[in-house]
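Residue numbers for the sequence shown follow my numbering, so the first one is 2 and each next one is one higher.
All C-beta atoms in this analysis are idealised placements derived from N, C-alpha and C, irrespective of residue type, glycine included.
All of these numbers come straight from a predicted model, not from anything done at the bench.
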Amino acid sequence: MKIELLPVVRCEQVAATVYALHMRSFYFASTIQPGQFINIKVQSGFYPLLRRPFSVAQTQDDVITILFDIVGEGTRILSLKKPGDMVDVLGPLGRPFTLPQSDTVPLLVAGGLGMAPMPILTKWLKANGFKNTETFLGARSKDYLVDYQLENVHYATDDGSQGYHGTVVSLLDQWFTDNRGTEVTVYACGPNPMLRGLQNLLQGRSLKGQVSLECVMACGIGICQGCPVESVNSTKRYRLVCNDGPVFDIHSVVIQ
Ligand SMILES: Cc1cc2nc3c(=O)[nH]c(=O)nc-3n(C[C@H](O)[C@H](O)[C@H](O)COP(=O)(O)OP(=O)(O)OC[C@H]3O[C@@H](n4cnc5c(N)ncnc54)[C@H](O)[C@@H]3O)c2cc1C
Ligand code: FES
């Protein structure tokens, strides 16, 4: 883990509300693993004081990419970055996704911008011989579906404006019924209600999964104790999303 000032390559709008910020760093591009995140100080000075956490969405040669939507001041400032601006980045942080067993089909399940860690995960799975990944992407409506560098995508929208009319978890349930007997490992990221639904679905079908959790973070490095998640069947009652996660076995955590 280290802090580096990264030059911005470009910041582009890739969907109605979503930006991709590309930054150059050989160190980050060569050390980041899928599911890990970086902590960004969005500008110099004291405001905003805290770094903001972002999943690394993709790496290409010596460039790393994050995807974000504007939800507050930090992300608004990031959206205005120009080529050559310098961005203060701490990372790589957190525990990454792990590879599935060799005879399983990886299923990537994302809600909204929970798709952010999926492009780098897809690339890594392919590089490790898992050519037939399937991606399940859900959102409120088609305007919120972000399929940036995703492959084999099954879409679900709450209002039926694109793909399956319903939640991404119901769509996945249908896929399981249609593909009975296929060994799978699920990788998920998204809003907590979606992840809770997924947890129940996988529990009911005795299936494994890894989940990347999001929460409001302060330090991002295990010092402030501000990102607890209750754990199931562990000697420790609480674990830290920043240090013990953000990726957890989906059956090992209580998703609030
Ligand atoms: C491990 C991790 C990875 C993340 N990856 C991404 C990513 O790839 N792309 C992306 O767009 N966002 C990601 N986030 C969320 C991102 O960090 C926040 O959206 C960002 O910090 C908001 O900063 P801001 O200054 O724009 O908004 P703020 O002014 O800090 O907050 C605006 C609003 O968003 C809420 N908020 C802030 N952080 C979070 C959060 N983590 N979860 C839910 N609500 C929050 C605040 O409570 C407030 O209501 C990630 C968070 C974590 C913990
Ligand atoms: S954010 Fe400080 S301990 Fe996790």
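{"Asked": "Got a sec: is the Cβ-Cβ distance from T105 to anything in chain D below 8 Å?", "Found": "Protein chains in the displayed structure number just one, and chain D is not present."}
{"Asked": "Could you tell me if E231 is buried or exposed, where buried requires 16 or more neighbouring beta carbons within 10 angstroms of its beta carbon?", "Found": "exposed"}
{"Asked": "I need the boundaries of the alpha helix (DSSP H) containing R77, first residue and last residue.", "Found": "74-80"}
{"Asked": "May I ask whether a heavy atom of ligand 1 can be found less than 7 Å away from the beta carbon of L114?", "Found": "yes"}
{"Asked": "DSSP on F131, reduced to helix/strand/coil?", "Found": "coil"}
{"Asked": "Which of the three DSSP states, helix, strand or coil, is assigned to Y28?", "Found": "helix"}
{"Asked": "Just how far apart, CA to CA, sit L51 and G85?", "Found": "23 Å"}
{"Asked": "With a 10 Å radius around its C-beta and 16 neighbouring C-beta atoms as the bar for buried, classify G36 as buried or exposed.", "Found": "buried"}
{"Asked": "Pick out whichever of M24, P54, T32, S26 has its Cα sitting closest to the Cα of P247.", "Found": "P54"}
{"Asked": "For the beta strand (DSSP E) containing L68, name the first residue and the last one.", "Found": "64-70"}
{"Asked": "Cβ of L126 within 8 Å of Cβ of P97?", "Found": "no"}
{"Asked": "Using 7 Å as the cut-off, classify the Cβ of L241 as near or not near the heavy atoms of ligand 2, replying yes or no.", "Found": "yes"}
{"Asked": "Answer yes if the segment 159-174 comes into contact with the segment 134-144, meaning at least three C-beta pairs across the two stretches below 8 Å, and no otherwise.", "Found": "yes"}
{"Asked": "Here's the rule: buried if 16 or more other CB atoms are within 10 angstroms of the residue's CB, otherwise exposed. What is Y145?", "Found": "buried"}
{"Asked": "Quick one: residues in its chain with C-beta nearer than 8 Å to the C-beta of S253, no 5 flanking neighbours on either side, listed in chain order?", "Found": "S232, V233, N234, S235"}
{"Asked": "If contacts are defined as beta-carbon pairs under 8 Å, then P118 and S31 qualify, I think. What distance do you get, rounded to the angstrom?", "Found": "The Cβ separation is near 18 Å, so there is no contact."}
{"Asked": "Among G113, D179, F69, G75, whose alpha-carbon lies nearest the alpha-carbon of A189?", "Found": "G113"}
{"Asked": "Taking the alpha helix (DSSP H) that G205 belongs to, which residues open and close that run?", "Found": "193-205"}
{"Asked": "Closest to R77 by CA distance: which of G46, C216, L22 is it?", "Found": "L22"}
{"Asked": "So, with DSSP's three-state summary, where would you put P229?", "Found": "strand"}
{"Asked": "If we call anything under 8 Å between Cβ atoms a contact, is D104 one with E184?", "Found": "yes"}
{"Asked": "Could you check which residue in M24, N129, F69, L199 has the C-alpha nearest to that of Q14?", "Found": "F69"}
{"Asked": "Just to confirm before moving on: does the CB-CB distance between L94 and I222 stay below 8 Å?", "Found": "yes"}
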